[in-house]
Amino acid sequence: MCFPDLLLSKGEYQLKLPPPFIAGMETAEVVRSAPPESARGVRGGAPARGRPL
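Just so you know, we're using my numbering here: the sequence shown kicks off at 561 and counts up by one.
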């Protein structure tokens, strides 16, 4: 959880999501597979991070 998640849960964030919703703006995954011509050089098994909003 991060500060924006806490604000979301209290309805005080600039983005107003209708309940129910799952707080959690961060993601962390592992790349299962990627094409060999990937422009970013991503390879299978590499960690992936991002913000889905």
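Cβ atoms here follow ideal geometry from the backbone N, Cα and C, with glycine treated the same way.
#1: Please confirm if the segment 602-609 is in contact with the segment 579-592, defined as three or more CB-CB distances below 8 Å between the two stretches.
#2: Taking the beta carbon of LEU577 as the centre, do at least 16 other beta carbons fall within 10 Å, making it buried, or is it exposed?
#3: Name the two residues that bound the continuous beta strand (DSSP E) containing ALA629.
#4: Give me the residue from PRO596, GLY601, THR587 with the minimum Cα distance to ARG609.
#5: So what does DSSP say about PRO564, is it helix, strand or coil?
Answer, in terms of the structure:
#1: yes
#2: Position 17 of the sequence shown, counted from the first residue, corresponds to residue 577. Classification for LEU577: exposed.
#3: The chain is shown only over 561 to 613; residue 629 falls outside these bounds and no answer can be derived.
#4: By 1-based counting over the sequence shown, the position of residue 609 is 49. Distances from the CA of ARG609 to each of PRO596, GLY601, THR587 were compared; the closest alpha carbon is that of THR587.
#5: For the purposes of this step, residue 564 is taken as residue 4 along the sequence shown, with counting starting at 1. Of the three classes helix, strand and coil, the one that applies to PRO564 here is helix, per DSSP.
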